[in-house]
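Worksheet: one structure, shown below.
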Amino acid sequence: MTRQGFIRTVCILLLALFLACDEKPVAVDGRSSITVVAKMDTSSDATVQSIVPARNAQVIFTSEYGVRTHIADALGRTIVTNMPASVYAISVRAPHPIDPAIFFVASKENIDLVASPAVAETLFLQPISASGLVINEIYTPGPVNNIFYFYDQFIELYNASNDVKYLDGLQVSRVSGNNEAGQHGPGYDERGDGQIQGVTYIFQFPGRPGGHQYPVQPRQFVVLAASAIDHRRMVSTSIDLSRADWEFYNQYSATDVDNPSVPNLLNQRSDRTVEFLINLVSDVIVVSSGADSVWQDGLRIDTILDAVEYHSSVTVRKTLDSRCDRSFALSPPRYSGQSMRRRSPGMDSNNSRFDFEITTVCTPGKH
Amino acid sequence: MKRATFISLLLFALTGSSPAQESTRNSLLRMTPVYQNPACLFFDEVSSHTLLGPTIRTIDGDMRRLYDPGSLEEYEFSSQVVRILGSKGTFRANASYVYENRNEVWSSLRMNAYEGDGFLPADTTLGNFRISGPEVRFEYGYEILPRFAVGFIVNYRLMDGLKDAFTNAHTILRSVDYGGGVKLQTEGGDCLALMILGLDDQERIESKSNDDLRDVEVFSYRGDTYATRRRSMTLEEMLRTKGIETALEFRYHLASDWTIIGNGKFFFSGFRSLFPSGYLVEYEDGYSQFRSIAGEVILTHKVGTDLVLRGGCTGGSALSWSRISSRQLLFWEWDAADYGGYIDGKYRLSEKTHLSLLATIGNITTDSSKYIDNRFTTTDGIRYGVRAGISTKVMDVAQVELMAGIQHLDFDVMRGGKNVNALEWNALVSYPLTPKLLLMGGYYGDTRRGDLPSKRASRGAHSIGLSIKILQD
């Protein structure tokens with residue numbers, strides 16, 4: 003190669019390198035701002051409007067960067083500046099100034115905050131009265147341990163209404179089937195007939211639906227233990243569920259141990275011969291009235307009192323019908339001893355993403 | 009090479025102290041140019057020899073940045089073989105193995121958290137990192153025309169790191185560097201040399217529960233504040249850097265006792281943070297770009313036969329930016345510049361004893377715009393230092409070299425801290441056991457104190473090495 007040829011080759015290589023460089027973006031991140039104005043109607047008479055600012059309302063922003071919570075000012079305004087660009091969902095919630103059984107809730111999803119524009123949203127909060135029994139806490143991951151111990155699972159119900167509710171004939175289901183090819187997944191209404199598919203476990207309280215033998219007082223918690231024993235004897239970091247209110251007992255299982263001092267929910271599927279356990283990080287839990295006794299064709303949505311879907315990642319595809327739960331809760335890590343619990347006892351806006359939070363410890367029977 | 013390397017270079021150029029002497033030996037803290045021009049091998053190496061020996065390095069103290077280790081111990085065994093092949097050129101090979109303990113590393117899962125890009129995979133625990141691995145290098149220089157040599161170099165490094173807590177992050181850093189150079193040298197000693205290097209680093213971080221039981225959770229930070237969260241039993245992330253570096257050097261005798269030397273360096277690299285998507289595909293979460301340019305001009309004057317005076321001025325600037333690739337948004341940008349000068353003198357006191365004195369002064373400015381964090385910082389500070397050294401022969405046998413120096417920096421970009429005062433010293437002894445067997449031992453120490461936001465902090469770095477040089481015919 004001649005000297006000129008060598009120089010030419012070097013120049014071409016350098017030029018090619020620069021042409022291959024990625025271009026520096028013009029738009030910068032962290033310049034977005036959002037103003038949320040929250041208002042609510044506190045009138046008790048439907049003909050008289052009393053729209054007031056939702057002062058001190060809790061404003062929750064969720065995005066790929068996690069959850070951040072702000073408190074609205076006296077005018078119901080929340081101004082957040084220098085937000086990173088992302089797709090946000092906002093939920094605003096405020097208690098009724100007089101009646102603690104009423105919450106005002108509003109949410110808006112898919113707000114795409116791009117590089118720099120300011121976004122303003124006015125949200126009118128709708129009252130949701132705590133109408134009855136709800137799933138208040140789901141503890142699935144097991145305690146901190148290294149022997150794969152997760153048998154201390156429990157589901158906590160809560161009577162958020164001002165009336166006595168009854169457990170007679172209620173069903174508690176784990177919905178994790180419906181995964182065959184061509185199916186949409188657990189809890190999906192495949193046939194469009196108002197029933198969700200994929201019931202894998204279904205346990206039922208004793209009594210007849212509509213009966214009045216097993217009351218739950220207003221503001222009372224009800225703990226349903228997978229195994230109502232003192233799990234601390236197996237793993238010291240676990241919990242004592244020997245005094246749970248109810249126990250899931252599979253009468254078709256040869257190995258499920260029954261605590262005789264704790265009343266049982268019994269298995270309705272004779273083909274399921276193992277004890278009631280739910281997935282540690284991803285599942286669907288449904289509480290239904292028991293009016294739909296033919297679970298084989300699905301559970302009728304109009305009989306469902308509450309349903310919660312949970313997953314470990316925000317990017318997972320939701321499968322439960324949105325009439326039961328409009329989103330899903332984020333589950334804690336396996337074997338972490340953490341739990342999924344409603345932010346406020348019994349507050350159910352049918353949107354588990356906002357209603358539930360991860361707590362560092364589980365709190366059976368209390369909040 | 010990114011900001012750390014660039015600044016290392018400047019500090020080295022201006023103070024004469026090599027950060028490599030106390031570095032963690034990671035590739036991105038190496039000086040620039042990363043390697044000596046391999047074409048120079050032909051002119052510089054004059055005897056075949058083998059060199060081997062261990063080195064121990066330690067760093068401790070509370071003057072450190074958030075993700076720096078609380079303390080560090082490094083053990084290295086290295087060897088070098090040089091063969092003069094006459095008309096067939098000159099060959100040099102290096103091989104070394106490093107074992108390193110980094111204690112109390114907060115959160116960071118990367119081997120080197122401060123590379124200048126805005127991406128940091130992290131967990132939530134304090135843990136110790138054990139890092140070990142080999143490095144091999146081959147260089148060859150050959151005179152293809154009279155006084156005109158070409159050279160080639162290839163370097164391969166594989167470091168394996170493991171964090172002992174929570175995520176048990178397993179980090180594999182693979183570094184392949186390759187390139188070549190040319191050098192034209194006249195009989196009078198004037199020369200012109202050019203080198204081009206390709207740098208290719210890949211750091212793969214795998215976080216996995218050590219009992220296949222728990223989930224691990226990794227926060228992939230974009231900037232200082234915001235992170236996306238991933239959780240699974242196994243999580244992977246890949247950090248890949250490709251770069252090119254060119255270095256130009258000339259030496260010209262203006263007169264019999266005046267020489268001018270010039271060095272120029274240009275560096276460019278692109279860094280990508282990649283997540284696996286499927287078995288074969290990776291998607292790019294972010295990208296950072298680094299460019300730096302540095303130059304140095306030195307004027308040397310011989311005063312009589314015993315004194316050599318030297319004056320130099322140096323300057324350089326580095327630019328970097330980082331983006332979130334999916335949205336094409338710039339979220340970090342910084343630039344740094346360092347300009348300064350130095351003078352030094354070497355005086356031959358006697359046939360066996362030489363004295364040297366070096367004084368440096370310079371100015372460092374940095375401008376950091378962390379858009380996503382809404383944090384903007386500008387710094388402008390001076391640095392100055394003095395070093396003195398003596399080299400002598402003891403009892404006509406052992407060669408002894410001693411050096412001590414002090415330095416002040418308004419702020420220490422490499423290690424954190426303001427109003428930093430540093431004291432450094434080193435000692436080197438070489439003793440010929442036989443005419444062809446030379447025993448060498450050395451010590452280097454650097455202690456410094458500086459202001460952190462909450463306190464006055466200190467830091468000590470020490471390295472001690474022993475080697476045997478076997479001369480061959």
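Chains as they are written, first to last, in our numbering: chain F, 3 to 369; chain X, 9 to 481. A virtual CB, placed ideally from N, CA and C, is assigned to each residue, including glycine. Being a predicted model, the structure only gives us computed values, none of them experimental.
Contact list for residue i against chain F, beta-carbon separation under 7 Å
i	result
L337(X)	P27, A29, V30, D31, A87, A117
W342(X)	Near W342(X) there are no residues of chain F at all, since even the closest Cβ is about 13 Å away, more than 7 Å.
W329(X)	K26
Cβ-based burial, residue i [other Cβ within 10 Å; buried from 16]
i	result
V54(F)	exposed
F150(F)	exposed
H233(F)	buried
V28(F)	exposed
N2(F)	The structure shown does not extend to residue 2(F), since chain F is modelled only from 3 to 369, so the question has no answer here.
H214(F)	exposed
V237(F)	buried
T362(F)	exposed
G124(X)	buried
A255(X)	buried
T385(X)	exposed
P46(X)	buried
D195(F)	exposed
Y451(X)	exposed
M403(X)	exposed
T194(X)	exposed
E182(F)	exposed
Closer than 8 Å at the beta carbon, the chain F residues around residue i
i	result
Y379(X)	V30, D31, G32, R33
Which of helix, strand or coil DSSP assigns to residue i
i	result
S95(X)	helix
T275(F)	coil
D172(X)	coil
P102(F)	coil
S215(X)	strand
R343(F)	strand
S140(X)	strand
Y203(F)	strand
D357(F)	helix
A177(X)	coil
N34(X)	Low confidence applies here, because N34(X) scores a pLDDT of 30, under 50, leaving its location unreliable; read the following figure in that light. Coil.
M39(X)	Residue placement at M39(X) is flagged as unreliable, the pLDDT there being 38, under the threshold of 50; the coordinate-derived value follows with that caveat. Note: M39(X) maps to coil in three-state DSSP.
L49(X)	helix
N161(F)	strand
Neighbouring residues, chain X, relative to residue i (Cβ below 9 Å)
i	result
P335(F)	R222, D223, V224, E225, R239
S329(F)	Here the premise fails: no neighbours, minimum Cβ distance about 17 Å.
Beta-carbon gap between residue i and residue j smaller than 8 Å
i	j	result
E108(X)	I67(X)	no
F358(F)	R343(F)	yes
R239(X)	Q210(X)	no
A430(X)	A412(X)	no
D343(X)	S325(X)	yes
G367(F)	F223(F)	yes
S281(X)	F127(X)	yes
I204(X)	I269(X)	no
Q297(X)	D24(F)	yes
N427(X)	G458(X)	yes
L243(X)	S215(X)	yes
G141(X)	M167(X)	yes
I213(X)	L117(X)	yes
Amino acids of chain X, ordered along the chain, whose beta-carbon sits closer than 7 Å to that of residue i
i	result
D154(F)	Simply none; closest approach about 16 Å.
N84(F)	N382
Residues that residue i contacts on chain F, provided the C-beta gap is smaller than 9 Å
i	result
A235(X)	Y67, G68
I332(X)	P27, D31, P86, A87
Chain-ordered neighbours of residue i on chain X, where CB pairs are closer than 8 Å
i	result
S314(F)	D223, R239, S240
Ordered list of beta strand (DSSP E) runs contained in the segment 351-389 of chain X, each at least 3 residues
362-378
Which parts of the segment 252-326 of chain X are runs of the beta strand (DSSP E), unbroken and 3 residues or longer, counting only runs that do not cross its ends?
266-285, 289-311
Ranges of the beta strand (DSSP E) found wholly within the segment 229-304 of chain F, counting only runs of at least 3
248-251, 266-269, 285-290
In chain order, which beta strand (DSSP E) runs of at least 3 residues are fully inside the segment 29-95 of chain F?
34-43, 53-55, 60-65, 68-73, 79-85
Uninterrupted alpha helix (DSSP H) stretches inside the segment 101-166 of chain X (no shorter than 4 residues)
none
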